[in-house]
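What follows is one structure encoded as structure tokens, with my remarks underneath.
2 protein chains.
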Amino acid sequence: MTERTDDSPGERPRLSRERVLWAAVAVADAGGIDSLTIRSLSQSLGTKPMSVYYYVANKDEILDGIVDLVFGEIELPEPGGDWRTEIRRRADSARRVLRAHPWAIGLMESRTSPGPATLRHHDAVIATLRAASFSQELTAHAYAMLDSYTYGFALQEAGLPFEGSDTVADVAEPIMERFSTGEYPHLVEMATDYYLRPGYDFGDEFTWGLDLILDALATRATATT
Amino acid sequence: MTERTDDSPGERPRLSRERVLWAAVAVADAGGIDSLTIRSLSQSLGTKPMSVYYYVANKDEILDGIVDLVFGEIELPEPGGDWRTEIRRRADSARRVLRAHPWAIGLMESRTSPGPATLRHHDAVIATLRAASFSQELTAHAYAMLDSYTYGFALQEAGLPFEGSDTVADVAEPIMERFSTGEYPHLVEMATDYYLRPGYDFGDEFTWGLDLILDALATRATATT
DNA sequence: TAGCTTCTCGTACTAAGTACGACGACCCGA
DNA sequence: TCGGGTCGTCGTACTTAGTACGAGAAGCTA
Chain C
14 MTERTDDSPG ERPRLSRERV LWAAVAVADA GGIDSLTIRS LSQSLGTKPM
64 SVYYYVANKD EILDGIVDLV FGEIELPEPG GDWRTEIRRR ADSARRVLRA
114 HPWAIGLMES RTSPGPATLR HHDAVIATLR AASFSQELTA HAYAMLDSYT
164 YGFALQEAGL PFEGSDTVAD VAEPIMERFS TGEYPHLVEM ATDYYLRPGY
214 DFGDEFTWGL DLILDALATR ATATT
Chain R
14 MTERTDDSPG ERPRLSRERV LWAAVAVADA GGIDSLTIRS LSQSLGTKPM
64 SVYYYVANKD EILDGIVDLV FGEIELPEPG GDWRTEIRRR ADSARRVLRA
114 HPWAIGLMES RTSPGPATLR HHDAVIATLR AASFSQELTA HAYAMLDSYT
164 YGFALQEAGL PFEGSDTVAD VAEPIMERFS TGEYPHLVEM ATDYYLRPGY
214 DFGDEFTWGL DLILDALATR ATATT
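Protein sequences appear in the order of chains C and R. Take the position in the first sequence, starting the count at 1, then add 13; the result is the number in the working numbering. Take the position in the second sequence, starting the count at 1, then add 13; the result is the number in the working numbering.
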């Protein structure tokens, strides 16, 4: 029986906190965090605005929730494995995930209460370093550093004015022209000579920096052990 | 003559784009970025909402503007000086500035068009590295890295759930109790043994990591020269 | 089947961004 | 001095967004 006068395509399997939050992620991915409104969210779910309030207390809770979902997508390192391999894997994964959900980076700043996925994540990284016999002190240093680098890199990538498919050159050329006024000479030089070269990919910088950090940490680690 | 029926204290010197933007910074500093509304802004200026629209096209322009003002507060390195000294000075300055205006970090992600202060800043850093005879390639690596680290660190600091005066311990204790459930054992261990020690200051981690990066860059630089 | 719980949503209020155009203040040349 | 601009300020009002409140449908249990 179950008469359903449903105008949205397909069925409407019943709401749940999970479904609400994942839908919110999808909306933010598609149109940016500003496009995520209670109304747009409910529409993407095929329901009405007030329905989502049965599952979340308010919009802030949604924001906290989706940040934690994103963190949950990052691969955890496995304590006990080779620490460089594990740490690099999780750093690469973090960057990939944050590039897929760039809005999450900006949210991290304002949301100060970490969710379970976030905590689990921290725990795994610490465990991996400690298992590799990093001292507590070195673990703290290393962790702060790796996270700073990773998030900061993602932040910069998110700030770049172009999307995946475009190359740097396509977008930068017209911008460069605007200030060929002679201000910023070094910036312009670097841009034309280096960043705008055919094969340049800013993303590659990530690996370079990560290697540098890992090398340096390895040195410190063996020095202490 | 100039009859003024002014109800706000003091005078009202006349608006200007500058005054509007600095007032916006002040409002955001005081109450967070969410508290910055056209209405709160105009009130802090002693005027009415629509008055600010004579100086800015819309709110987004305000956001772009204040991010650039914040960037303008960061000390520029001086090309020609000792590169380590200069780069460290600007990194320290950047962190200080971003700690004073934590809302700016989250905004960086969404605002993709850099303002003049931001561009001037980039130019100065590149100039400093190049003057120290870093190759273009190494300059690109170093810059991406230093910025990632600096912004990422600021991002993490901003995410910490306490303000300047409190110590980590004050705020962390009650949180820790919530999950003494045995999940996150390594995290809890690190927290109690290390982060919650009396003198611990997360900010000190910045120096440690920065030194590590600078050392490593110095090695790479001399290897190439 | 009565009554209770679970879930959905209609209505409506508040806050915020901002379009439009009125209006006073000042400014200039005649 | 006066008449017509231009500049700066703001009143009004419309739109979009978050969400309080409570009605009522849907399903569950005894």
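By construction, the Cβ of each residue, glycine as well, lies at the ideal position given by its N, Cα and C atoms.
- Exclusion of the five residues before and after R:W116 leaves A41, G45 and I46 as the residues of its chain whose Cβ lies within less than 7 Å of its Cβ.
- Contact check for C:F166 against C:H134 fails: the beta carbons are separated by 9 Å or more.
- Cβ-Cβ distances below 7 Å link C:P90 to E99, I100, R102, R103, A137, V138 and T141 in the same chain, with the five nearest sequence neighbours on each side left out; the list follows chain order.
- Under the three-state reduction of DSSP output, R:D214 falls in the coil class, being neither helix nor strand.
- Residue environment for R:D228: exposed (fewer than 16 other C-beta atoms within 10 angstroms of its C-beta).
- Taking each of R:F147, R:T131 and R:G172 in turn and checking the Cα distance to R:D160, the smallest one comes out for R:T131.
- Residues are counted here when their Cβ sits less than 8 Å from a Cβ of chain R; for the region 140-155 of chain C these are A140, R143, Q149, E150, T152, A153 and H154, given in chain order.
- Residue range K72 to E86 is occupied by the alpha helix (DSSP H) that includes R:G85.
- Near chain R, meaning a CB-to-CB distance below 8 Å, no residue of the region 66-88 of chain C qualifies.
- At a C-beta separation below 7 Å, C:S161 has these neighbours in chain R: Y162, G165, F166, Q169 and G222.
- Within the same chain, A37, V40 and A41 come within 7 Å of R:L49 by CB-CB distance, once the 5 residues on both sides are set aside.
- R:G172 counts as buried, since no fewer than 16 other beta carbons sit within 10 angstroms of its beta carbon.
- The beta carbon of C:W96 does not come within 9 Å of any beta carbon belonging to chain R, so the residue lies off that interface.
- Proximity of chain C to R:R112 at the Cβ level (cut-off 9 Å) is not reached, the minimal Cβ distance being about 12 Å.
- The alpha-carbon separation between C:H114 and C:L200 amounts to approximately 29 Å.
- Only those residues of the region 118-138 of chain C whose C-beta falls short of 9 Å from the nearest C-beta of chain R are listed: I118, G119, L120, M121, E122, S123, R124, T125, S126, P127, P129, L132, R133, H135, D136, A137 and V138.
- Just measuring C-alpha positions, the residue of C:G119, C:A231 and C:S123 sitting nearest C:E170 is C:G119.
- Taking 9 Å as the cut-off between beta carbons, the residues of the region 29-57 of chain R near chain C are G45, I46 and D47, in sequence order.
- Per DSSP, reduced to three states, the secondary structure at R:D95 is coil, with no helix or strand assignment.
- Measuring C-alpha to C-alpha distances from C:E218 to each of R:A231, R:A70, R:G222 and R:L151 identifies R:L151 as the nearest.
- A residue is called buried once 16 or more other Cβ atoms fall within 10 Å of its Cβ, and C:G78 is buried on that count.
- Rounded to whole angstroms, the Cβ separation of C:Y162 and C:I226 is 6 Å, and the two are in contact under 8 Å.
- Listed along chain C, the residues sitting closer than 8 Å to R:G172 by beta-carbon distance are M121, E122, R124 and T125.
- From the listed residues C:A145, C:R210, C:A107 and C:L209, the smallest Cα separation to C:A231 is found for C:A145.
- For R:R102, no CB of chain C lies under 9 Å from its own CB, so it is not counted at the interface with that chain.
- DSSP, reduced to helix, strand and coil, places R:Y66 within a helical segment of the structure shown.
- Note on C:M63: under 16 other CB atoms within 10 angstroms of its CB, so exposed under the neighbour-count rule.
- Here the C-alpha atom of R:G216 lies approximately 14 Å from the C-alpha atom of R:R210.
- Residues of chain R whose Cβ lies closer than 8 Å to the Cβ of C:E218 are, in chain order, A153, H154, A157 and M158.
- Closest option to R:R97, judged by alpha-carbon separation, among R:L34, R:V33, R:R27 and R:F147: R:F147.
- Judged by their CB atoms, C:M121 and C:V80 are nearer to each other than the 9 Å cut-off.
- Residue environment analysis places R:S29 among the exposed positions, since fewer than 16 neighbouring C-beta atoms fall within 10 angstroms of its C-beta.
- Boundaries of the alpha helix (DSSP H) harbouring R:T141: P129 to A144, taken from the DSSP string.
- Within chain C, not a single residue places a beta-carbon under 8 Å from that of R:P62; the smallest gap is close to 21 Å.
- For R:E91, no Cβ of chain C is located within less than 9 Å of the residue's own Cβ.
- A distance of 9 Å or more separates the beta carbons of R:L34 and R:L111.
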